[in-house]
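Student: There's a structure below that I have some questions on.
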Amino acid sequence: MLEKALEGSKKYWAWVFFLGGLAAVGCYFYLQQFMFGLGITGLHRDVTWGLYIGQFTFLVGVAASAVMLVIPYYLHDYKKFAKIVILGEFLAISAVIMCILFIMADMGQPMRVMNILLYPAPNSMVFWDVVVLNGYLFLNLIIGWVTLSSDRKGIAPPKWIKPFIYLSVPWAISIHTVTAFLYAGIPGRHFWLSAILAARFLASAFAGGPSLLIILALIVRKVSKFDPGKEPIQALGKIVAYAMFANVFFLGLEFFTAFYSGIPGHQHPFYYLYAGLDGHSELVPMMWTSSVFAVVSLLMLVVPSIRKNETTLVLACIMLFISLWIDKGFGLIIGGFVPNPFEEVHTYWPTMPETMITIGVWAIGFLVLTFLYKIAVTVREQTVGVEIEH
Amino acid sequence: MSMDRRKFLKVAGISSILGFGASVASARNYAGQKGLVPPQVDANKEALTAKRWAMVVDMSKFKTDEDFTKVISACHTTHNVPDFRNADGSIDRKMEIKWIWTAPYERSFPGQDNKYMSEHMKEMPFMVLCNHCDNPPCVRVCPTKATFKLQDGITMQDMHRCIGCRFCMAACPYGARSFNWTDPRTASNLKADLPNKEYPTRTKGVVEKCTFCSERLQAGKLPACVEAAPAGGILFGDMEDQNSEVRKIVTNTYTIRRKPDLGTGPAVYYVIGGGDHA
Chain A
211 MLEKALEGSK
221 KYWAWVFFLG
231 GLAAVGCYFY
241 LQQFMFGLGI
251 TGLHRDVTWG
261 LYIGQFTFLV
271 GVAASAVMLV
281 IPYYLHDYKK
291 FAKIVILGEF
301 LAISAVIMCI
311 LFIMADMGQP
321 MRVMNILLYP
331 APNSMVFWDV
341 VVLNGYLFLN
351 LIIGWVTLSS
361 DRKGIAPPKW
371 IKPFIYLSVP
381 WAISIHTVTA
391 FLYAGIPGRH
401 FWLSAILAAR
411 FLASAFAGGP
421 SLLIILALIV
431 RKVSKFDPGK
441 EPIQALGKIV
451 AYAMFANVFF
461 LGLEFFTAFY
471 SGIPGHQHPF
481 YYLYAGLDGH
491 SELVPMMWTS
501 SVFAVVSLLM
511 LVVPSIRKNE
521 TTLVLACIML
531 FISLWIDKGF
541 GLIIGGFVPN
551 PFEEVHTYWP
561 TMPETMITIG
571 VWAIGFLVLT
581 FLYKIAVTVR
591 EQTVGVEIEH
Chain B
9 MSMDRRKFLK
19 VAGISSILGF
29 GASVASARNY
39 AGQKGLVPPQ
49 VDANKEALTA
59 KRWAMVVDMS
69 KFKTDEDFTK
79 VISACHTTHN
89 VPDFRNADGS
99 IDRKMEIKWI
109 WTAPYERSFP
119 GQDNKYMSEH
129 MKEMPFMVLC
139 NHCDNPPCVR
149 VCPTKATFKL
159 QDGITMQDMH
169 RCIGCRFCMA
179 ACPYGARSFN
189 WTDPRTASNL
199 KADLPNKEYP
209 TRTKGVVEKC
219 TFCSERLQAG
229 KLPACVEAAP
239 AGGILFGDME
249 DQNSEVRKIV
259 TNTYTIRRKP
269 DLGTGPAVYY
279 VIGGGDHA
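Residue numbers (our numbering), protein chains in the order written: chain A, 211 to 600; chain B, 9 to 286.
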């Protein structure tokens, strides 16, 4: 099926070369980082993780969200998702690839990264994250490929793939739980030391991932002859609404614990992010943008007439995605480091090379996504009207 | 199970590519032990040993700025700690690496100040460094065992195994760890020559921190900071030995530790009171 990614219109190739160009620029700046060291970024000894780890964390959520299609379709026999489950699985593949690339970009000594496997340390959450992320990549590759190949031939997928599909459900939960455990078990980082962090991660993942899927499905409808259908998109919209409600609720719980308990260490990061601390309020506009977008998009999704209109639905999804990107891809990481263990505020802002590397990784991810979606869409176009039996 | 030659070579080849053969075996040796015993070809008879190394910093003995700077420079010279400076000579905060330094009381012991405390007390400088915790979060989170406990309580850092993921820096509640954001040999003090040729240089992209001068202890010498401090300013000894000076002070006088409520079990104790700074 791979050959289907190699034939396309002029517009398809223009898009591919555009992404390829961005990826090349990213690679150029990565080489500079490789030669000079991570000092090329805005990081320092007080804020030691930034944009790269934020993107990683956010994208683990996008990857995990494929389960929001797998559960209704395979566990509840919701047939309407038959043709778009593959979009979720392929999105998961490209998201995990981006996760791995962001981790690599963040390593001080990337050439030594195999030390994680040479000297396995099961007490480190990183070890488990490597295991679950690679496992999830493998699961989605095999499930996506096998089911799509069967669809193409108009036959039911082999029975042996079913256990892999069922396994992918708890596995998706595990990748985001383990990612939350990277943060939630660290003493002295008050912002992260919260029992609800993993639940928050899952809620934001199940809102952010499907909202991206809605946007992607509408793009697919526009640029190809494959129509993902109105009903599945509406079903996804409801999933996004429920998950976003849980996410906003969970964030509210964090505020309650920090401010009702009155413990200064727990309040400081919230002050820094939402009001400013010690005269530093660099992130305040961003965080409030996130909050406003979260509330507005949630309201839009809850009101049936707005959700049912695809134009307003996609607008809500874009706002929601931006909101969650700021909250999880940026604020969450920086809030853990500011103030530092000495309760001093040392701020962080990404540098130009760091931003270009980040854009480069996203471009590679979208390139992979483009190829995968091209394959999936071509198969769907060729089998229009054929019922899918999974 | 029988295995023909061909099969054996296949398995051996694959496992050596994956590095499993050696690593699994070596990991097993250390399993269940409390800490690592440094492998030595021939143990040095003069080496200083302890069941549990610990430090008592008596702030009352530090009287002048020079008392502090002497300690810091002794440590940083001994360990070739890079000194990155801005064009105007000030410390380059973006690149900064430090093993031992001073921080005001209210910063070193957050939550233990109060609004009626004099500015003088709040601003009183304290020597801060790695606490060589009993239960170090940095060791718990390290994915490569590049940071690990020795049996004598020292939290070690292997700068040649570290992959530079900086998880330990996120985990340390004391801000004791530094990262080489670029080649340390480009720092002003290391450019021409290393201050101490007996201590290894390191590469960019790895984490480093205080090691309680484990290399000096093995050579029978006290940590560099202990030697450079004013008399009685920094005491170093075996906390498990009832007759050691550090144990007697901790048993008989009031000492404080940084963030003991986190359960890390810091091994650096502070004595306050007396002196010009109190």
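Glycine is no exception: its CB is placed at the ideal position from the N, C-alpha and C atoms.
How close, in whole Å, do the beta carbons of I396(A) and A178(B) come, if the pair is a contact with beta carbons under 8 angstroms?
Tutor: That pair is a contact at about 6 angstroms.
Student: Which same chain residues end up closer than 8 angstroms to V280(A) when comparing Cβ atoms and leaving out the 5 residues on each side of it in sequence?
Tutor: The answer, listed in chain order, is V295, G298, E299, I375, S378, V379, A382.
Student: When we look at the beta-carbon of P268(B) and count the other beta-carbons within 10 Å, is it buried (16 or more) or exposed?
Tutor: Classification for P268(B): exposed.
Student: What does the alpha-carbon distance come out to for the pair A405(A) and F459(A)?
Tutor: Near 14 angstroms, if we compare the C-alpha coordinates of F459(A) and A405(A).
Student: Quick one: list the residues of chain A neighbouring M103(B), beta-carbon separation under 7 angstroms, in chain order.
Tutor: Those are G249, listed as they occur along chain A.
Student: Contact between the region 129–141 of chain B and the region 313–330 of chain A: three or more CB pairs below 8 angstroms?
Tutor: Output reads no: the region 313–330 of chain A does not touch the region 129–141 of chain B.
Student: Using 8 angstroms as the threshold, is the region 451–471 of chain A in touch with the region 502–510 of chain A, meaning 3 or more CB pairs across them?
Tutor: With the cut-off at 8 angstroms, the region 451–471 of chain A and the region 502–510 of chain A touch.
Student: For W259(A), return the contacting residues in chain B, with the cut-off set at a CB-CB distance below 7 angstroms.
Tutor: Those are R174, A178, listed as they occur along chain B.
Student: Measuring alpha carbon to alpha carbon, tell me which of C141(B), I162(B), P238(B), A58(B) ends up nearest L270(B).
Tutor: Taking only the C-alpha atoms, the option nearest L270(B) is C141(B).
Student: In chain A, which residues lie with their C-beta within 8 angstroms of the C-beta of A111(B)?
Tutor: Chain A residues near A111(B): F552.
Student: For G264(A) and G539(A), I'd like the C-alpha separation in whole angstroms.
Tutor: Approximately 4 angstroms, taken between the alpha carbons.
Student: Based on Cα-Cα distance, which residue from T557(A), H386(A), A427(A), L487(A) lies nearest to G252(A)?
Tutor: The candidate whose alpha carbon is nearest that of G252(A) is T557(A).
Student: Could you tell me which whole alpha helix (DSSP H) segments of length 4 or greater appear in the region 70–109 of chain B?
Tutor: Those alpha helix (DSSP H) runs which fall completely within the region 70–109 of chain B and span 4+ residues are 73–86.
Student: Going by DSSP, name the residue or residues bridged to E216(B).
Tutor: BP columns for E216(B) point to S186(B).
Student: Is the beta carbon of F401(A) less than 7 angstroms from the beta carbon of P479(A)?
Tutor: It is a contact, given that the beta carbons lie within the stated cut-off.
Student: Under 8 angstroms Cβ to Cβ from Y283(A), same chain only, skipping five residues before and after it: list those, please.
Tutor: Closer than 8 angstroms at Cβ, skipping near neighbours: K289, F291, A292, V295, H600.
Student: In whole angstroms, what separates the C-alpha of R36(B) from that of D160(B)?
Tutor: Its pLDDT being 38, under 50, R36(B) is placed unreliably in this model, and the coordinates cannot settle the point.
Student: Using a Cβ-Cβ cut-off of less than 9 angstroms, give me the residues of the region 331–350 of chain A that come near chain B, in sequence order.
Tutor: Cβ contacts with chain B: A331, N333, S334, M335, V336, F337, D339, V340.
Student: Measuring only between beta-carbons, confirm whether S186(B) sits less than 7 angstroms from chain A.
Tutor: Taking Cβ atoms only, chain A reaches closer than 7 angstroms to S186(B), which makes this a yes.
Student: Output the boundary residues of the beta strand (DSSP E) element that contains M63(B).
Tutor: Segment 61–66, the beta strand (DSSP E) holding M63(B).
Student: Kindly list the residues whose CB is nearer than 7 angstroms to the CB of K229(B), restricted to its own chain and excluding five residues on each side of it in sequence; keep chain order.
Tutor: If we look at K229(B) and ignore the five residues flanking it on each side, it has no Cβ neighbours.
Student: Taking 7 angstroms as the CB-CB cut-off, is K217(B) touching chain A?
Tutor: Judged by the 7 angstroms Cβ criterion, K217(B) is not in contact with chain A.
Student: Which residue's Cα is closest to the Cα of L269(A): Y240(A), F312(A), D287(A)?
Tutor: With distances taken between Cα atoms, L269(A) lies closest to F312(A).
Student: Within 10 angstroms of the Cβ of S116(B), are there 16 or more other Cβ atoms? Answer buried if so, exposed if not.
Tutor: So S116(B) counts as buried.
Student: Taking its Cβ as the centre, do 16 or more other Cβ atoms sit within 10 Å of P231(B), making it buried, or is it exposed?
Tutor: Buried: at least 16 other Cβ atoms inside 10 Å.
Student: Spell out whether any CB of chain D is found under 7 angstroms from the CB atom of G240(B).
Tutor: Looking for chain D here will not work: the only protein chains present are A and B.
Student: Given that a residue counts as buried once 16 or more other Cβ atoms are within 10 Å of its Cβ, and exposed if not, what is S5(B)?
Tutor: The shown model of chain B, from 9 to 286, leaves out residue 5(B), and the question about it has no answer.
Student: Quick one: Cα of S34(B) to Cα of S219(A), how far?
Tutor: The pLDDT assigned to S34(B) is 41, lower than 50, so where the model puts this residue is not dependable; a value taken from the coordinates is nonetheless given after this. Near 56 angstroms, if we compare the C-alpha coordinates of S219(A) and S34(B).
Student: Please decide whether W189(B) counts as near chain A, where near means a Cβ-Cβ distance under 7 angstroms.
Tutor: It does; some Cβ of chain A falls within 7 angstroms.
Student: Should C150(B) be flagged as near chain A, meaning a C-beta pair shorter than 7 angstroms?
Tutor: Yes, C150(B) counts as interfacial toward chain A.
Student: Going by CA-CA distance only, name the one from V594(A), E520(A), Y346(A), Q243(A) that's closest to K440(A).
Tutor: Nearest of V594(A), E520(A), Y346(A), Q243(A) to K440(A), Cα basis: E520(A).
Student: With 7 angstroms as the threshold, decide whether the Cβ of Q319(A) is near any Cβ in chain B.
Tutor: So yes, Q319(A) belongs to the interface.
Student: Among residues of its own chain, excluding the 5 on either side of M496(A), which ones have a beta-carbon nearer than 6 angstroms to its beta-carbon?
Tutor: So the list reads I536, once near-sequence residues are dropped.
Student: Distance, Cα to Cα, L243(B) vs A276(A)?
Tutor: So the two alpha carbons sit approximately 58 angstroms from each other.
Student: Would you report the Cα separation of R431(A) and Q444(A), rounded to the nearest angstrom?
Tutor: Approximately 14 angstroms between the Cα atoms of the pair.
Student: For a test of the three-state rule: what should DSSP assign to P560(A), helix, strand or coil?
Tutor: In this structure, P560(A) counts as coil in the three-state DSSP scheme.
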